[in-house]
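Numbering (UniProt numbering), first residue to last: 1 to 367.
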């Protein structure tokens, strides 16, 4: 064998060795993740999208870190996480980087992921390479007559035809925060149809909303402090996925507006109540400020169980004498039937509200 052939063979051997090294995870800790990604690539796109969403969320600061009563979690450094994917050059990390290149909100990190993917030769499923062309095509609002919250359903379609639906619950009793969410691998049309068929609540309705309004509602809800949201099996793990879907929606919509009662209208409502059969037992001058303070907690004409429970658990500081404040349960018990009669709320919901007042009044205080 001549020297030239020896050099070429040695050079090829070094290349083969380098490729083998690059195809092997660098640490045993990375093997489970690689296996999970491989399995996700064989399933519905939501499998990988959900995994990447949870990875991104794991890099976010823990909003409950300062609360000793809440479970604590470790935070992963995002830059180090990306470094580990860049260093281990296998198809599975290429897929992770490609999805991260879309789901991440930071444009610099997006660009880094995309450049790394472009430098590799791995063949990825078309739905990943075309992820930027996802179409969020329908938004449906599941609403309740009492207005405590709304569930917004977003329908998305990937370029390979696969669909997914994200359901996000917005709690209007807590700053209209996105309190919980989950994603299912099915079309929004199917999800809405099945939900409507199974719905037995006459006070729940399904209404299509404009995509721009859906974005405005979700942008507002996602901008609220995470400490006001819940923790569940899917939330906040799917928060980055919901944020990504929301960014695909058009801007220019209107966010939800709370029921707006001006001072004159509110005083007129109070006057009508105090001259009614239920309100005549109260003194307008003494109990008027108390009632106005209670009505400021939400829609004056719609009273739900969660709203009443929250009202009784919060400290009231309205500058009203204690002797008058003690009449609040009876005042509400008289006002709510009056209010619900005006807004057409069913008697069953009024009965639930009154039962809650009685329950909360009898509950012993606990430290």
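All residues carry an ideal CB built from backbone N, CA and C; glycine is no exception.
Every value quoted in this text rests on a predicted model; they were computed, and no experiment measured them.
List the endpoints of the continuous alpha helix (DSSP H) containing residue i.
i: residue 81; result: 78 to 87
i: residue 349; result: 347 to 362
i: residue 338; result: 328 to 343
i: residue 102; result: 91 to 103
i: residue 274; result: 263 to 274
i: residue 246; result: 239 to 247
i: residue 126; result: 126 to 129
Among the options, whose alpha-carbon lies nearest the alpha-carbon of residue i?
i: residue 338; options: 360, 303 and 314; result: 303
i: residue 42; options: 127, 248 and 182; result: 127
i: residue 192; options: 254, 102, 166 and 214; result: 166
i: residue 361; options: 77, 341 and 328; result: 328
i: residue 218; options: 285, 300, 181 and 104; result: 181
i: residue 374; options: 352, 78 and 117; result: Outside the shown range of the chain, which is 1 to 367, sits residue 374, and nothing can be said about it.
i: residue 265; options: 281, 292 and 275; result: 292
i: residue 353; options: 325, 170, 146 and 195; result: 146
i: residue 325; options: 207, 345, 289 and 344; result: 289
i: residue 331; options: 273, 105, 201 and 159; result: 273
i: residue 79; options: 39, 40 and 109; result: 109
i: residue 173; options: 321, 310, 320 and 319; result: 310
i: residue 286; options: 319, 48 and 315; result: 319
i: residue 131; options: 107, 200, 106 and 100; result: 100
i: residue 283; options: 323, 358 and 83; result: 323
i: residue 268; options: 247, 346 and 295; result: 295
i: residue 144; options: 177, 122 and 200; result: 200
i: residue 158; options: 177, 136 and 170; result: 136
i: residue 359; options: 336, 343, 214 and 312; result: 312
Under the three-state reduction of DSSP, which class applies to residue i: helix, strand or coil?
i: residue 48; result: helix
i: residue 167; result: strand
i: residue 28; result: A caution first: residue 28 carries a pLDDT of 36, below 50, which makes its placement in the model unreliable, though a value can still be read off. Here residue 28 sits in coil by DSSP.
i: residue 74; result: coil
i: residue 21; result: With a pLDDT of 40 at residue 21, under the threshold of 50, the modelled position of that residue is not reliable, and the figure given next carries that caveat. Three-state result, residue 21: helix.
i: residue 107; result: helix
i: residue 296; result: coil
i: residue 301; result: coil
i: residue 281; result: coil
i: residue 254; result: coil
i: residue 120; result: coil
i: residue 288; result: helix
i: residue 234; result: coil
i: residue 325; result: helix
i: residue 320; result: coil
i: residue 61; result: coil
i: residue 174; result: coil
i: residue 259; result: coil
i: residue 314; result: coil
i: residue 35; result: helix
i: residue 5; result: Low per-residue confidence applies at residue 5: pLDDT is 48, beneath 50, and the placement is therefore not dependable, though the value from the model is reported in the following sentence. In this structure, residue 5 counts as helix in the three-state DSSP scheme.
Which residues mark the beginning and the end of the beta strand (DSSP E) in which residue i is found?
i: residue 43; result: Segment: none, residue 43 is in no beta strand (DSSP E) and carries neither H nor E.
i: residue 137; result: 135 to 144
i: residue 152; result: 149 to 157
Less than 8 Å between the CB atoms is what I'm expecting for residue i and residue j, so what's the real figure, rounded?
i: residue 81; j: residue 59; result: 6 Å
i: residue 163; j: residue 187; result: 4 Å
i: residue 153; j: residue 139; result: 7 Å
i: residue 211; j: residue 245; result: Actually they are not in contact, since the Cβ atoms of residue 211 and residue 245 sit about 11 Å apart, beyond 8 Å.
i: residue 230; j: residue 179; result: 5 Å
i: residue 308; j: residue 356; result: 5 Å
i: residue 453; j: residue 184; result: Coverage of the chain is limited to positions 1 through 367, which leaves residue 453 absent and any answer about it impossible.
i: residue 227; j: residue 63; result: 5 Å
i: residue 141; j: residue 92; result: In fact, because the Cβ distance is near 38 Å, the residues do not count as touching under 8 Å.
i: residue 168; j: residue 242; result: 6 Å
Original post:
Where in the segment 176 to 228 do unbroken runs of the beta strand (DSSP E), each at least 3 residues long, occur, reported from the N-terminal end onward?
Top reply: 177 to 184 and 204 to 209
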